[in-house]
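Chemist: All letters in the sequence shown, in the order written, are residues 36 to 325 by our numbering. By construction, the Cβ of each residue, glycine as well, lies at the ideal position given by its N, Cα and C atoms. In this text, all values refer to a predicted model and were calculated from it rather than measured experimentally. Next up is a structure, given as structure tokens.
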Amino acid sequence: MAHGALRAYVMRERGGRKEAATADDIAAMDRIVREAQAAGAIGFSTSRTIFHRSSDGTPVPGTFARQDEVWAIARAIAESGHGVLEVAPTTPDEDDEDAPLRELAWMNDVSAKTGCPVTFLCLQHNRRPDWWRVQLDFCDRERAQSGANVVPQIFCRAISVMLGLRSRFHPFVRGATFKSLSGLPFAEMGARLKSDPALRKRMALEGVANVFGSDDPSDAFAGQMNLDWQKVYALGSPPDYEPAPERSIAAIDRRQGRDPREVVLDIMLEEDGESFIQYPFMGYADGSLE
Numbered sequence: 036m037a038h039g040a041l042r043a044y045v046m047r048e049r050g051g052r053k054e055a056a057t058a059d060d061i062a063a064m065d066r067i068v069r070e071a072q073a074a075g076a077i078g079f080s081t082s083r084t085i086f087h088r089s090s091d092g093t094p095v096p097g098t099f100a101r102q103d104e105v106w107a108i109a110r111a112i113a114e115s116g117h118g119v120l121e122v123a124p125t126t127p128d129e130d131d132e133d134a135p136l137r138e139l140a141w142m143n144d145v146s147a148k149t150g151c152p153v154t155f156l157c158l159q160h161n162r163r164p165d166w167w168r169v170q171l172d173f174c175d176r177e178r179a180q181s182g183a184n185v186v187p188q189i190f191c192r193a194i195s196v197m198l199g200l201r202s203r204f205h206p207f208v209r210g211a212t213f214k215s216l217s218g219l220p221f222a223e224m225g226a227r228l229k230s231d232p233a234l235r236k237r238m239a240l241e242g243v244a245n246v247f248g249s250d251d252p253s254d255a256f257a258g259q260m261n262l263d264w265q266k267v268y269a270l271g272s273p274p275d276y277e278p279a280p281e282r283s284i285a286a287i288d289r290r291q292g293r294d295p296r297e298v299v300l301d302i303m304l305e306e307d308g309e310s311f312i313q314y315p316f317m318g319y320a321d322g323s324l325e
């Protein structure tokens, strides 16, 4: 069962806001989770990261749920005799640097004290490449000391953002040149950019090294997704999800003596404008899946 769906069902519009569940809300959630477990559900999933958002940019329901709500759900799972609590945890690049460690602490605490098994995505993040070691060591220590049953899961491929000229966001989306062309049919926009080197260069140099095309330091969310050209690659056709370091945008611009934004725009204009760049921001900090 998904936390967002449960919260929306019980709390209606309140469930999607940073609003604490009342005692009555929690009692209703507890009852529904118990009913679901009795009917054969395999557990419950919740998201704690601000990167999981709805189409309007709002963090999914449950992101800011308080401990009493999560504990009630964990107890309901444990007392059903089967199932697991799955967590998408806060990541090391969010606003509060200490939050990921607190996430580890409460997951292990809730498991030790309720008996509910917990699993979560163990992260290697570009900002903290060794964070996965901290997570594994913490869970091993808590299992030995308190009996917590918290099992990290390792993803088998990098988590990436893929961006193209049709994407809602990309490095050029806020530039004056892109805005002036965006009302044209897509094929015409691509043709004009390919045929006019000066226009293409102007649009490229108006771009910024950010997934959302934002260089506004007051935009906290956009600031989480600044692009390190050393870790950005062409997706390729067919896609290459384990690109070599020499294929990075930074490596290409060094070889060609060009601005990385020009390299990116040229890649996006390939395949009739349907080509993508990829930015692996988790699981590929060292340029390898090993």
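1. CB-CB under 7 Å to W167, same chain, minus the five flanking residues each way: which ones, in chain order?
2. Taking the alpha-carbon positions, what's the P278 to M36 distance?
3. Kindly indicate which residue of D301, D263, V105, Y268 has the alpha-carbon position closest to the one of V145.
4. Suppose only complete runs of 3+ residues qualify. What are the beta strand (DSSP E) ranges in the stretch 74-135, listed by chain order?
5. Among the residues of its own chain, which have a CB less than 6 Å from the CB of A320, if the five just before and after it don't count?
6. Across which residues does DSSP place A56 in a beta bridge pair?
7. First and last residue of the alpha helix (DSSP H) that includes C174?
8. How far does the alpha helix (DSSP H) with M36 in it reach, from first residue to last?
9. Looking at the unbroken beta strand (DSSP E) that takes in M260, where does it start and where does it end?
10. Output the distance between the C-alpha atoms of G318 and L120, rounded to the nearest integer angstrom.
11. Can you tell me which of S249, S272, A269, G271 puts its alpha carbon nearest to the alpha carbon of N261?
12. Suppose you measure from the CA of S89 to the CA of T98; what does that come to, to the nearest Å?
13. So the beta strand (DSSP E) L156 belongs to, where does it begin and stop?
14. Grouping DSSP H, G and I as helix and E and B as strand, with all else coil, what is F316?
15. With a CB to CB cut of under 6 Å and the five nearest residues on each side skipped, what residues in its chain are close to C151?
16. Figure out for me which residue from R235, E70, I61 has the closest Cα to the Cα of D103.
17. Quick one, which of V243, A107, A179, G308 has its alpha-carbon nearest T57's?
18. When you compare only the Cα positions, how much space is there between P124 and G199?
19. Taking all protein chains shown into account, do 16 or more other C-beta atoms lie within 10 angstroms of the C-beta of Y44, making it buried, or fewer, making it exposed?
20. Verify whether the separation of the beta carbon atoms of C174 and A183 is less than 9 Å.
21. Return the bridge partner residues of N245 from the DSSP annotation.
22. If you draw a straight line from the C-alpha of Y268 to the C-alpha of H205, how long is it?
23. Just mark S82 as buried or exposed, buried being the case when its beta carbon has 16 or more other beta carbons within 10 Å.
24. Please say whether F207 and A239 have beta carbons closer to each other than 9 Å?
25. Report the rounded CA-to-CA distance for M46 versus P96, giving the unit in angstroms.
Modeler: On the basis of the coordinates in this document:
1. C157, L158, Q159
2. P278 and M36: Cα-Cα distance of roughly 36 Å.
3. V105
4. Listed in chain order, the beta strand (DSSP E) runs fully inside the stretch 74-135 are 78-82, 119-123, counting runs of at least 3 residues.
5. For A320, the CB contacts under 6 Å within the same chain, skipping 5 residues up- and downstream, are Q159, N161, P164 in chain order.
6. Per DSSP, none; premise fails for A56.
7. 166-181
8. That residue, M36, is in no alpha helix (DSSP H); it is neither H nor E in DSSP.
9. Where M260 is concerned, there is no enclosing beta strand (DSSP E), given that its DSSP letter is neither H nor E.
10. Answer to the nearest angstrom: the Cα atoms are 23 Å apart.
11. S249
12. 12 Å
13. Where L156 is concerned, the enclosing beta strand (DSSP E) starts and stops at 153-157.
14. Strand, per DSSP.
15. A109, I112, A113, L120
16. I61
17. A107
18. 28 Å
19. Y44 comes out exposed.
20. With respect to the 9 Å criterion, C174 and A183 are classified as neighbours on the basis of their beta carbons.
21. N261
22. The C-alpha of H205 is placed about 14 Å away from the C-alpha of Y268.
23. buried
24. yes
25. 10 Å
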